[in-house]
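S.K.:
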Ligand SMILES: *Cc1c(COP(=O)(O)O)cnc(C)c1O
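In structure tokens:
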């Protein structure tokens, strides 16, 4: 039998601490003269003083107390800081909507191949055939998975894909000879949806979700008009529920000449099972750094390719990759294109990882991902239904959204539950989103977790529900395990200290 990973979850034996060191700022470390490099002796005359090469205005003043450190100082500093944090390689990370699935190491192995890492983006097409082929084929796979007519890999993230998609919708209406004014979206939408519509110059009309947590087609029909450029929706939506009236919804929008944008961040739940093109979707973005396992969570590069139907193809970001006569080429000659969305062709290393992921799984593996993601989420949903309130209890797919209604009776909030989970060794779920659920706890286990891990998480969540009944006061001091317990999040957001100053040490 598998030995449980964690200590039995009684009050006194929360997960054992590892070896964690306190860590000063780099500015508090070092000693003058230390350095992290050693260069061979210069074999050319060192005659040119900086002042003779650069204008005075371009030369930086010396930085006071600039730390001088060895390579080992720096490596230990950043490695220790990394140990203060969660990572998908060390812990379960059920952050709803974000799809924090494990990133197989083979993805990194291929992305590290020198042929890719040392390939300069200005290399001519004729010498870039391998990289172009990889991008072309990745586009083909994303087309196959979504059913969309064409795909561009350029956008650097989901929100950036949304921007590319909505700019194409904007360009389409302009080309029709009449720009429209509004974009309709449900109140469960991710914040990037209204932000994108606004950035494209549209005013945003929100429609409330119905009692099922879904879009009400009658309500939509009553406000959809010929001033509306598009409806932006997410399917499955941010409650993890499939929009069962999707065909009615897309018909209503198309009847009035509008287009339908689908936020594809939740593709994990349906890929290989159904294609969004069959639902009447006109534009879709993919989050390669969610559904297709490329790394995220540390603010690293992502990729948000965008897929469109036939009639939007002329507006795709340029250049596009073409394949004919056995040659791959970049076509910049695209008159209706919305232009370039990103320097060069997107975050190429991320594209290599997603390509590897799709090729290693194959069509059956991709389908299995969706099945296991849905199974895991439902296992958690049905295991915790007694302890936690489920505001919308229709069938759900790859994530489930509870809230703190039961625990609030004892003044234990979603925030408290999330912080306490850290002491049990789990990353908290997404909290207070989607906004339509008060005190939301949005759990997305993903398909990469074993039943043992899910069982330990469920046990911790049950224990926390019990503590909320019996010892609500213990929540105020949680979490106790991490080096930083409860930072003042509002102060950190409103008043960030981004620059080190000697006085900040003295005053805090
Ligand atoms: C993550 C997410 C986005 C934004 O994607 P980024 O890659 O973070 O820009 C948009 N919508 C939903 C539903 C998401 O989960």
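In my numbering, the protein residues as written are 259 to 766.
Just so it is clear, CB atoms sit at the ideal spot from N, CA and C, and this is done for glycine as well.
Using the Cβ count rule (16 or more neighbours within 10 Å means buried), how would you classify residue 662?
M.R.: Taking the chain shown and counting its residues from 1, one reaches residue 662 at position 404. Under this definition residue 662 is a buried residue.
S.K.: Could you tell me the alpha carbon to alpha carbon distance between residue 400 and residue 567, rounded to whole angstroms?
M.R.: By one-based count along the chain shown, residue 400 stands at place 142. By one-based count along the chain shown, residue 567 stands at place 309. Approximately 13 Å between the Cα atoms of the pair.
S.K.: On the CB-based measure, 16 or more other CB atoms within 10 Å of its CB, does residue 536 come out buried or exposed?
M.R.: The count along the chain shown starts at 1 and reaches residue 536 at position 278. Per the 10 Å Cβ criterion, exposed.
S.K.: CB residue 565 to CB residue 408, shorter than 9 Å?
M.R.: Counted from its first residue, the chain shown places residue 565 at position 307. Counted from its first residue, the chain shown places residue 408 at position 150. Yes, Cβ-Cβ distance for residue 565 and residue 408 is below 9 Å.
S.K.: Determine, using beta carbons only, whether residue 527 and residue 553 come nearer to each other than 9 Å.
M.R.: Indexing the chain shown from 1 puts residue 527 at position 269. Indexing the chain shown from 1 puts residue 553 at position 295. No, these two residues do not count as a Cβ contact at 9 Å.
S.K.: To the nearest angstrom, how far is the alpha carbon of residue 649 from that of residue 470?
M.R.: Working through the chain shown from its first residue, we reach residue 649 at position 391. Working through the chain shown from its first residue, we reach residue 470 at position 212. Using only the alpha carbons, I get a separation of about 10 Å.
S.K.: Here's a check: name, in chain order, each residue in its chain whose Cβ is nearer than 6 Å to the Cβ of residue 612, leaving out the five neighbours to either side.
M.R.: Along the chain shown, read from residue 1 onward, the residue named residue 612 stands at position 354. Cβ within range, chain order: 546, 550, 552.
S.K.: Exposed or buried, which one is residue 295 when buried takes at least 16 other CB atoms within 10 Å?
M.R.: Reading the chain shown from its first residue, position 37 is the one you call residue 295. The residue is exposed, with fewer than 16 neighbouring Cβ atoms inside 10 Å.
S.K.: Does the beta carbon of residue 355 fall short of 8 Å from some heavy atom of ligand 2?
M.R.: By its list of ligands, the structure shown excludes ligand 2, since it contains just ligand 1.
S.K.: Report, in whole angstroms, the separation of the C-beta atoms of residue 673 and residue 689, which I expect to be a contact under 8 Å.
M.R.: Counted from its first residue, the chain shown places residue 673 at position 415. Counted from its first residue, the chain shown places residue 689 at position 431. Correct: roughly 7 Å between the Cβ atoms.
S.K.: Contact check, residue 487 vs residue 427 under 8 Å by CB: the rounded distance?
M.R.: Walking along the chain shown from the start, residue 487 turns up at place 229. Walking along the chain shown from the start, residue 427 turns up at place 169. Contact flag correct, Cβ pair sits at about 6 Å.
S.K.: Tell me whether residue 418 counts as near ligand 1, meaning its Cβ is closer than 8 Å to at least one heavy atom of that ligand.
M.R.: In the chain shown, residue 418 corresponds to position 160, counting from 1. At least one heavy atom of ligand 1 is nearer than 8 Å to the Cβ of residue 418, so yes.
S.K.: Measure from the alpha carbon of residue 626 to the alpha carbon of each residue in 287, 705, 543, then state which is nearest.
M.R.: Along the chain shown, read from residue 1 onward, the residue named residue 626 stands at position 368. For the residues 287, 705, 543, the minimum Cα distance to residue 626 belongs to 705.
S.K.: Find out if the Cβ-Cβ distance for the pair residue 657, residue 700 is shorter than 9 Å.
M.R.: As a working note, residue 657 is residue 399 in the chain shown. As a working note, residue 700 is residue 442 in the chain shown. Yes, Cβ-Cβ distance for residue 657 and residue 700 is below 9 Å.
S.K.: Are the CB atoms of residue 405 and residue 507 nearer to each other than 9 Å?
M.R.: The sequence position of residue 405 within the chain shown is 147, counting from 1. The sequence position of residue 507 within the chain shown is 249, counting from 1. Contact: no.
S.K.: Are the CB atoms of residue 570 and residue 538 nearer to each other than 9 Å?
M.R.: The residue labelled residue 570 in the question sits at position 312 within the chain shown. The residue labelled residue 538 in the question sits at position 280 within the chain shown. Contact flag unset, no.
S.K.: Opposite residue 444 in the DSSP bridges: which residues?
M.R.: In the chain shown, residue 444 corresponds to position 186, counting from 1. Answer by DSSP bridge pairing, in chain order: 465.
S.K.: From residue 435 to residue 443, what distance separates their C-alpha atoms?
M.R.: Counting from 1 along the chain shown, the entry for residue 435 is found at position 177. Counting from 1 along the chain shown, the entry for residue 443 is found at position 185. Between residue 435 and residue 443, the C-alpha separation is close to 24 Å.
S.K.: Quick one: is residue 438 buried, meaning 16 or more other Cβ sit within 10 Å of its Cβ, or exposed?
M.R.: Locating residue 438 in the chain shown gives position 180, counting from the first residue. Buried, by the Cβ-count rule.
S.K.: Could you tell me which of 319, 622, 655 sits nearest to residue 633, measuring between CA atoms?
M.R.: On the chain shown, position 375 is the one that residue 633 refers to. Among 319, 622, 655, the Cα nearest to that of residue 633 belongs to 655.
S.K.: Only counting the same chain, and skipping five residues up and downstream in sequence, which positions put a Cβ closer than 8 Å to that of residue 770?
M.R.: Since the displayed the chain opens at 259 and closes at 766, residue 770 lies outside it and no answer follows.
S.K.: Give the DSSP-derived three-state secondary structure of residue 245 in the structure shown.
M.R.: With the chain running from 259 to 766 in the structure shown, residue 245 is simply not present.
S.K.: Quick check on the burial criterion: 16 or more other C-beta atoms within 10 angstroms. Buried or exposed for residue 380?
M.R.: As a first step, residue 380 must be located in the chain shown, where it is residue number 122. Per the 10 Å Cβ criterion, exposed.
S.K.: Can the beta-carbon of residue 737 be found closer than 9 Å to that of residue 678?
M.R.: The sequence position of residue 737 within the chain shown is 479, counting from 1. The sequence position of residue 678 within the chain shown is 420, counting from 1. Yes.
S.K.: Going by Cα to Cα distance, which pick from 592, 586, 585, 386 is closest to residue 576?
M.R.: On the chain shown, residue 576 is found 318 positions in, with the first residue counted as 1. That would be 592, whose Cα lies nearest to the Cα of residue 576.
S.K.: Leaving out five residues before and five after residue 748 in sequence, what residues of the same chain have Cβ atoms less than 7 Å from its Cβ?
M.R.: Against the chain shown, residue 748 aligns to sequence position 490. Counting only Cβ-Cβ distances below 7 Å, and skipping sequence neighbours, we find nothing.
S.K.: Residue 262 by DSSP, collapsed to three states: which one?
M.R.: If you number the chain shown from 1, residue 262 lands on position 4. In this predicted model, residue 262 has a pLDDT of only 48, less than 50, meaning its place in the structure is not dependable; the value taken from the coordinates is given anyway. DSSP places residue 262 in coil when its eight states are reduced to three.
S.K.: Let's test the definition: count the other Cβ atoms within 10 Å of the Cβ of residue 298 and tell me whether it reaches 16, buried, or not, exposed.
M.R.: Walking along the chain shown from the start, residue 298 turns up at place 40. Answer is exposed; the Cβ neighbour count stays below 16.
S.K.: Closer than 7 Å by C-beta to residue 347: which residues in its own chain qualify, once you throw out the five before and the five after it? Chain order, please.
M.R.: To locate residue 347, count along the chain shown from 1; it is residue 89. Contacts found: none.
S.K.: Pull the bridge partners of residue 581 from the DSSP assignment, please.
M.R.: As a first step, residue 581 must be located in the chain shown, where it is residue number 323. According to DSSP, residue 581 bridges with 586.
S.K.: Please confirm whether residue 740 and residue 680 have their CB atoms less than 9 Å apart.
M.R.: For this step, residue 740 is matched to residue 482 along the chain shown. For this step, residue 680 is matched to residue 422 along the chain shown. In contact: residue 740 and residue 680 (Cβ atoms closer than 9 Å).
S.K.: List the DSSP bridge partners of residue 701.
M.R.: Reading the chain shown from its first residue, position 443 is the one you call residue 701. DSSP lists 353, 658 as partners of residue 701.
S.K.: Quick check: what's the CA-CA separation for residue 461 versus residue 430?
M.R.: Numbered from 1 along the chain shown, position 203 holds the residue referred to as residue 461. Numbered from 1 along the chain shown, position 172 holds the residue referred to as residue 430. In a straight line, the C-alpha of residue 461 is about 17 Å away from that of residue 430.
S.K.: Give me the Cα-Cα distance between residue 352 and residue 544, rounded to the nearest whole angstrom.
M.R.: Looking up residue 352 in the chain shown gives position 94. Looking up residue 544 in the chain shown gives position 286. When rounded, the distance between both Cα atoms is 20 Å.
S.K.: Count the other CB atoms, across all protein chains shown, that sit within 10 Å of the CB of residue 278; report buried if there are 16 or more and exposed otherwise.
M.R.: Counted from its first residue, the chain shown places residue 278 at position 20. Label assigned to residue 278: exposed.
S.K.: Just to check my reading of the structure: residue 599 and residue 418 have Cβ atoms closer than 8 Å, yes? What is that Cβ distance to the nearest angstrom?
M.R.: Here residue 599 corresponds to residue number 341 of the chain shown, with the count starting at 1. Here residue 418 corresponds to residue number 160 of the chain shown, with the count starting at 1. 7 Å between Cβ atoms; contact.
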